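Have a look at the structure below, then the notes.
Numbering (this note's numbering), first residue to last: 1132 to 1216.
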């Protein structure tokens, strides 16, 4: 609902390349897509860091991994809600 109300509050801007206008919805979707595409690199880095600190911070590593997983799921839910509107 927040995105739906903000979408009507912000104007559309003309595209620099002359294509479709840039809307609030398309900007949010671009940010979500970039975040989604960067997630595999985050998990790879987390796996490498977890291997380095196998005995020291196993609980902290699992907590960080869970936060990244929750972030990924929230990102997917947001994209789904945007497309349902």
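Quick reminder that beta carbons are idealized off the backbone N, C-alpha and C, glycines included. Please read all numbers here as calculations on a predicted model, not as lab measurements.
In chain order, what residues of the same chain have a beta carbon less than 7 Å from the beta carbon of residue 1163, not counting five sequence neighbours either side?
These residues qualify, in order along the chain: 1206, 1209 and 1210.
Residue 1151 - containing alpha helix (DSSP H), residue span
Residue 1151 -> no alpha helix (DSSP H), and no H or E assigned at all.
Nearest to residue 1173 (by Cα), restricted to the options 1137, 1197 and 1134:
With distances taken between Cα atoms, residue 1173 lies closest to 1197.
Please state whether DSSP places residue 1174 in a helix, a strand or coil.
If DSSP states are grouped into helix, strand and coil, residue 1174 belongs with the helices.
Nearest to residue 1156 (by Cα), restricted to the options 1194, 1141, 1202 and 1167:
Checked all of 1194, 1141, 1202 and 1167; the closest Cα to residue 1156 is 1141.
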